[in-house]
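So the protein lines, in turn, are chains W and A.
The letter at position 480 of the first sequence is residue 479 when you use numbering that gives the first Met the number 0, and the numbering goes up by one with no holes.
The letter at position 78 of the second sequence is residue 77 when you use numbering that gives the first Met the number 0, and the numbering goes up by one with no holes.
We put the beta carbon where it would ideally sit given N, CA and C, even for glycine.
None of these values were measured; they are calculated from a predicted model.
Shown next, in structure tokens, is the structure this report addresses.
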Amino acid sequence: MLVKWIPYWCVAMLLFTAPVRPQAAPQQEQQPSNGAPPDEATQCDARIDALTKEMTELKANEIAEFKQAIEALQQQVEAAGEDSLDDFGELDELEMLDELGGGSGQGPEPIEIHGFYDLSFFKFMISDDSAYAILAPSEWSFIVCQVNLYFTGQMSSTLHSLVEAKLAFLPHGMEYNTASYGKIGDTLFDSGVPYERASTMVADPHLTNRFNYGSVTIERAHLTYSPYDWLNILAGRFLTPYGIWNIDHGSPVIIPVRAPYMQLREMVPLAQTGLQVFGRFFPSYSLFIDYAVTVSNGRGPIEELVDLDANKGIGLRLRVIYEGEQLELAVGGHGYYGKYTDIKKASIIELNPDLTINTDVDTPLRTQIDVIESYGEYILSGDLQISLFGVTLQSEAFWRLVLYEKHGLKEYDFVILSGAAASEILYHPNHIAWGAYGMIYWELPLSKWIHPVTITPFAMFERTIQEDTLPGFNFDLIFAGLNIKPSPYVVLKLEYSRGIPHAKTLYGGNADIAAAQLAVSF
Amino acid sequence: MTSRSTQRFREYGQYSRMAVVAITAVLVLLQFRADAQEPVVDKPDDILIIVNKAVNIDQTQVDELKAIFLKRKANWSDGTKAIPINAPEGSKIREAFRRLVTGMTRSREQSFWQTQMIKHGTNRPPEFANPLKAVFKLRGAVSYVYRSDYRKGVAKIILVLR
Numbered sequence: 000m001l002v003k004w005i006p007y008w009c010v011a012m013l014l015f016t017a018p019v020r021p022q023a024a025p026q027q028e029q030q031p032s033n034g035a036p037p038d039e040a041t042q043c044d045a046r047i048d049a050l051t052k053e054m055t056e057l058k059a060n061e062i063a064e065f066k067q068a069i070e071a072l073q074q075q076v077e078a079a080g081e082d083s084l085d086d087f088g089e090l091d092e093l094e095m096l097d098e099l100g101g102g103s104g105q106g107p108e109p110i111e112i113h114g115f116y117d118l119s120f121f122k123f124m125i126s127d128d129s130a131y132a133i134l135a136p137s138e139w140s141f142i143v144c145q146v147n148l149y150f151t152g153q154m155s156s157t158l159h160s161l162v163e164a165k166l167a168f169l170p171h172g173m174e175y176n177t178a179s180y181g182k183i184g185d186t187l188f189d190s191g192v193p194y195e196r197a198s199t200m201v202a203d204p205h206l207t208n209r210f211n212y213g214s215v216t217i218e219r220a221h222l223t224y225s226p227y228d229w230l231n232i233l234a235g236r237f238l239t240p241y242g243i244w245n246i247d248h249g250s251p252v253i254i255p256v257r258a259p260y261m262q263l264r265e266m267v268p269l270a271q272t273g274l275q276v277f278g279r280f281f282p283s284y285s286l287f288i289d290y291a292v293t294v295s296n297g298r299g300p301i302e303e304l305v306d307l308d309a310n311k312g313i314g315l316r317l318r319v320i321y322e323g324e325q326l327e328l329a330v331g332g333h334g335y336y337g338k339y340t341d342i343k344k345a346s347i348i349e350l351n352p353d354l355t356i357n358t359d360v361d362t363p364l365r366t367q368i369d370v371i372e373s374y375g376e377y378i379l380s381g382d383l384q385i386s387l388f389g390v391t392l393q394s395e396a397f398w399r400l401v402l403y404e405k406h407g408l409k410e411y412d413f414v415i416l417s418g419a420a421a422s423e424i425l426y427h428p429n430h431i432a433w434g435a436y437g438m439i440y441w442e443l444p445l446s447k448w449i450h451p452v453t454i455t456p457f458a459m460f461e462r463t464i465q466e467d468t469l470p471g472f473n474f475d476l477i478f479a480g481l482n483i484k485p486s487p488y489v490v491l492k493l494e495y496s497r498g499i500p501h502a503k504t505l506y507g508g509n510a511d512i513a514a515a516q517l518a519v520s521f
Numbered sequence: 000m001t002s003r004s005t006q007r008f009r010e011y012g013q014y015s016r017m018a019v020v021a022i023t024a025v026l027v028l029l030q031f032r033a034d035a036q037e038p039v040v041d042k043p044d045d046i047l048i049i050v051n052k053a054v055n056i057d058q059t060q061v062d063e064l065k066a067i068f069l070k071r072k073a074n075w076s077d078g079t080k081a082i083p084i085n086a087p088e089g090s091k092i093r094e095a096f097r098r099l100v101t102g103m104t105r106s107r108e109q110s111f112w113q114t115q116m117i118k119h120g121t122n123r124p125p126e127f128a129n130p131l132k133a134v135f136k137l138r139g140a141v142s143y144v145y146r147s148d149y150r151k152g153v154a155k156i157i158l159v160l161r
């Protein structure tokens, strides 16, 4: 601001000094009309007055220009609404984001932690010598299966991070092997396989107390970039976007206690490591079309860490969802192709007869990788969910074709269940697996009397053909039960189910399971 | 027989014409009645749906609001990220908004967000004691205030719920 006034001050100073005397003459010449001789000081004063007036005019012009600029700015401010925000006070952006908590998407925010866990109580209604006793205990047992923790973070409006970690007591209690015997007449033949059960018991070296340590499984860990509704890019470990159950997956959300066999036996890979591009289109606000494309390591013995073959698993998911006043309808499909490969590695060292390295060859130290099992799998699955007046029908189906490139060796129990002699060497054949379940549940319209408690009876049927070449592994399952929700965060489930093996004579009949579960989310 | 049939057809024709005229008259009267309804008057307890002024939209629909507040839709039509902001739980306006837009009860909404968290790791929209301030400050933000709490120029009104 001062700089602008410098020329005027310079002019003023010049006028005050040299030009004062010569310019006084004309003023003196004008004075004779007064008849009095001009005083030199008076002339100077007059001159100063004139210059001051001139400067005042110049100042006034500048001030007018400033005023105009200020008015323009004020108009802008008014347009922005800031004039009416005086009583909002000084607003610090970070302070406001603190108040907002998570999800505003405007900057780094504290990690939010959520989760769920469940306590189950169940019994297989079987005798101790039943074939099913190999799968589950025949006594009433309490079990804490899992504690899942969610860590979410919104780094910016388009970047979201999610880690879901599962805490479990496993591998404690896992039965690696059960001893098995063949019986011919009264003679028992030991297969030589010992009974092995994992124990994770350790002793604290300081306090000497003993405890069983557990494990942490990374269910999901991914970063999602979401610039548009129709385009989201996710990188990391993610749940395979197929069906309904695999996405629901948490005990407080799924209706029965036990998941269907297509989930338990992982007929479709439940999770993958790689990239997913997904999005949603809106033909209308009550009709959504979702898609997802996945590229991952595919299935493999260590797929979370390494892809043991050059093929990537590719998946495509499409789902159409309609949400009306009373009717909700969702129809989806998923296709997947991937290759499973297992290998073993060996180091080969070229040696001389005296067991020193043979440096005469080009590469005396090499690695040999042998593929011990490899197959390609083609999987198609579909899902349907219809809700009308509180009644929901949910169904999923899958079809899986396994084509071996390198057939894996069958374990001896698989050999026997295939109908061959235990001494034979057999390999897993190409096979087809398929299965489907249908579940119906109805949230009873009792909210008028017992709100917020909800009671939802359900029934479910499932058929799973795990391998069309192995009838001994194929089952039907019938479930029925009750789902009671005393609060949005707690679910109590009561369930009775019956497993019906297709090879009934092998197992000696059906297996009934009674189960209860308390699932809690927080 | 022929002349009697012709007579009947004529009678039917007359009846049909009379019916058409009567129905038309009823519809016209109903239309007048609809037109004659009282003009809409702004009330202090109208719920204004307000959006940050940087969002380049002028109006919305209840279905779009529902999709945004349930985080089924994450962007406005101009591409701006939509940030739904709720009034505090337990406030009168929150209950009214829930009833008019999402159609959920409080416990149903809690259950919905628990499910969304388990399924997708999605958090519920943030709550803010002064939604007007939040909408003014946050690009893409959308919220709701009573007309009596609204101040002109702070945010853009895109829908009025009465």
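Is W:E111 close to chain A, meaning its C-beta is less than 7 Å from at least one C-beta of that chain? To locate residue 111 of chain W, count along the first sequence from 1; it is residue 112. By this cut-off, W:E111 is an interface position.
Figure out for me which residue from W:M438, W:L469 and W:L392 has the closest Cα to the Cα of W:V414. Your numbering for residue 414 of chain W matches position 415 in the first sequence. Of the candidates W:M438, W:L469 and W:L392, the one whose C-alpha sits nearest the C-alpha of W:V414 is W:L469.
Would you mind telling me which residues of chain W sit closer than 7 Å to A:T114, beta carbon to beta carbon, in chain order? The residue labelled residue 114 of chain A in the question sits at position 115 within the second sequence. Correct list: V252.
Residues of chain A with CB under 8 Å from W:I217, in chain order? Within the first sequence, residue 217 of chain W is the residue found at index 218, counting from 1. For W:I217, there are no neighbours in chain A by C-beta distance under 8 Å, as the nearest C-beta there is about 13 Å away.
Cutting at 6 Å between CB atoms, please list the residues of its own chain near A:A140, excluding the five before and the five after it. Translated into positions along the second sequence, residue 140 of chain A becomes position 141. Correct list, in chain order: N51, I82, I84, A133 and V134.
Distance between beta carbons of W:I243 and W:Q393, contact taken as under 8 Å: On the first sequence, position 394 is the one that residue 393 of chain W refers to. On the first sequence, position 244 is the one that residue 243 of chain W refers to. Correct: roughly 6 Å between the Cβ atoms.
Against chain A, with Cβ distances strictly below 7 Å, would W:G249 count as a contact? In the first sequence, the residue the question calls residue 249 of chain W occupies position 250. Answer yes: the Cβ-Cβ gap between W:G249 and chain A drops below 7 Å somewhere.
Going along the chain, which residues of its own chain have a beta-carbon closer than 6 Å to the beta-carbon of W:G331, five neighbours each way excluded? Here residue 331 of chain W refers to the residue found at position 332 when the first sequence is read from its first residue. If the five residues before and after W:G331 are omitted, its C-beta is found closer than 6 Å to the C-beta atoms of R318 and D382, all from its own chain and listed in chain order.
Pairing CB atoms from the region 121–140 of chain W with CB atoms from the region 502–520 of chain W, are three or more of them under 8 Å? Verdict: yes, contact present.
Using DSSP's beta-bridge definition, name the partner residues of A:M103. Position 104 of the second sequence, counted from the first residue, corresponds to residue 103 of chain A. None; A:M103 has no bridge partner.
Does DSSP put W:A421 in a helix, in a strand, or in coil? Along the first sequence, one-based indexing puts residue 421 of chain W at 422. W:A421 sits in coil when the DSSP states are folded into three classes, being neither helix nor strand.
DSSP state of A:I56 mapped onto helix, strand, coil: To locate residue 56 of chain A, count along the second sequence from 1; it is residue 57. DSSP places A:I56 in coil when its eight states are reduced to three.
Strictly below 7 Å CB to CB, what residues from chain A border W:L161? Taking the first sequence and counting its residues from 1, one reaches residue 161 of chain W at position 162. Here the neighbours are G120.
Which residues in the same chain as W:P259 place their Cβ atom closer than 7 Å to its Cβ, once the five residues preceding and following it in sequence are excluded? Position 260 of the first sequence, counting from 1, holds the residue named residue 259 of chain W. If we look at W:P259 and ignore the five residues flanking it on each side, its Cβ neighbours are W244, Y436 and E461.
Are the region 291–311 of chain W and the region 323–340 of chain W in contact at 8 Å, needing three or more beta carbon pairs? Note that the region 291–311 of chain W touches the region 323–340 of chain W; at least 3 beta-carbon pairs, one per stretch, sit closer than 8 Å.
Give me the subset of the region 63–78 of chain A whose CB atoms are less than 8 Å from a CB atom of chain W, sorted by chain position. So the close ones are E63, K65, A66, R71, K72, A73, N74 and G78.
Looking at W:T151 and W:L161, is the spacing between their C-beta atoms short of 7 Å? To locate residue 161 of chain W, count along the first sequence from 1; it is residue 162. To locate residue 151 of chain W, count along the first sequence from 1; it is residue 152. W:L161 is a Cβ neighbour of W:T151, given a cutoff of 7 Å.
Is it true that the CB of A:S106 sits closer than 7 Å to the CB of W:P451? Residue mapping note: residue 451 of chain W aligns to position 452 of the first sequence, counting from 1. Residue mapping note: residue 106 of chain A aligns to position 107 of the second sequence, counting from 1. At the C-beta level, W:P451 and A:S106 come within 7 Å of one another.
Euclidean distance between Cα positions of W:G407 and W:R209: Within the first sequence, residue 407 of chain W is the residue found at index 408, counting from 1. Within the first sequence, residue 209 of chain W is the residue found at index 210, counting from 1. It is roughly 41 Å from the alpha-carbon of W:G407 to the alpha-carbon of W:R209.
Thinking C-alpha only, which one of W:F123, W:T41, W:Q145 and W:H501 is nearest W:A135? Residue mapping note: residue 135 of chain W aligns to position 136 of the first sequence, counting from 1. Taking only the C-alpha atoms, the option nearest W:A135 is W:F123.
Whole-angstrom distance between W:G418 and A:W112, CA atom to CA atom: Indexing the second sequence from 1 puts residue 112 of chain A at position 113. Indexing the first sequence from 1 puts residue 418 of chain W at position 419. About 51 Å.
Count the other C-beta atoms from every protein chain shown that fall within 10 angstroms of the C-beta of W:Y175, then say buried if there are 16 or more, exposed otherwise. Translated into the one-based positions of the first sequence, residue 175 of chain W becomes position 176. The residue is exposed, with fewer than 16 neighbouring Cβ atoms inside 10 Å.
Contacting residues, own chain, Cβ-Cβ under 8 Å from W:H113 (five flanking each side not counted): On the first sequence, position 114 is the one that residue 113 of chain W refers to. So the list reads L148, Y149, T151, S520 and F521, once near-sequence residues are dropped.
So what does DSSP say about W:M124, is it helix, strand or coil? Against the first sequence, residue 124 of chain W aligns to sequence position 125. Looking at W:M124 - three-state DSSP - the assignment turns out to be strand.
Which residues in the same chain have their Cβ closer than 6 Å to the Cβ of A:L99, if we skip the five residues on either side of it in sequence? Within the second sequence, numbered from 1, the residue matching residue 99 of chain A stands at position 100. Spatial neighbours of A:L99 in its own chain (CB-CB distance under 6 Å, excluding positions within 5 residues in sequence) are listed in chain order as L160.
Given 8 Å as the limit, is there contact between the region 271–286 of chain W and the region 218–238 of chain W, that is, 3 or more CB pairs closer than that? The region 271–286 of chain W vs the region 218–238 of chain W: in contact.
Does chain W have any CB closer than 7 Å to the CB of A:Q58? Taking the second sequence and counting its residues from 1, one reaches residue 58 of chain A at position 59. No, no contact with chain W.
Short Cβ contact (7 Å threshold) for W:I378 with W:V267: Walking along the first sequence from the start, residue 378 of chain W turns up at place 379. Walking along the first sequence from the start, residue 267 of chain W turns up at place 268. Result yes, Cβ atoms of W:I378 and W:V267 sit closer than 7 Å.
Classify W:T223 as buried or exposed, calling it buried when 16 or more other Cβ atoms lie within 10 Å of its own Cβ. The residue given as residue 223 of chain W occupies position 224 in the first sequence. The residue in question, W:T223, is buried, as its Cβ has 16 or more Cβ neighbours within 10 Å.
Express the C-alpha separation of W:E494 and W:P444 in angstroms, rounding to a whole number. Residue mapping note: residue 444 of chain W aligns to position 445 of the first sequence, counting from 1. Residue mapping note: residue 494 of chain W aligns to position 495 of the first sequence, counting from 1. One Cα belongs to W:P444, the other to W:E494, and the distance between them is close to 21 Å.
Return the residue from the list A:A95, A:G120 and A:W75 that minimises the CA-CA distance to W:F237. Numbered from 1 along the first sequence, position 238 holds the residue referred to as residue 237 of chain W. With distances taken between Cα atoms, W:F237 lies closest to A:G120.
Nearest to A:P43 (by Cα), restricted to the options A:E88, A:I22, A:N55 and A:R150: The residue given as residue 43 of chain A occupies position 44 in the second sequence. Ranking the options by Cα distance to A:P43, first place goes to A:R150.
Secondary structure, beta strand (DSSP E): runs of 3+ residues fully inside the region 286–356 of chain W: Entirely contained in the region 286–356 of chain W, the beta strand (DSSP E) runs reaching 3 residues are, in chain order, 286–295, 312–322 and 326–348.
Could you list the residues in the region 475–490 of chain W with a C-beta less than 9 Å from some C-beta on chain A, going in chain order? Within the region 475–490 of chain W, those residues whose Cβ lies closer than 9 Å to any Cβ of chain A are, in chain order, K484, S486, P487 and Y488.
So which residues on chain W does A:S106 lean against when the C-beta distance must stay under 8 Å? Against the second sequence, residue 106 of chain A aligns to sequence position 107. Chain W residues near A:S106: H450, P451, S486 and P487.
Option in W:G213, W:D308 and W:T239 with minimal Cα separation from W:E221: Reading the first sequence from its first residue, position 222 is the one you call residue 221 of chain W. With the sequence shown as reference, residue 221 of chain W is identified as His, and Glu is not the correct amino acid for it. Per the C-alpha coordinates, the member of W:G213, W:D308 and W:T239 positioned closest to W:H221 is W:T239.
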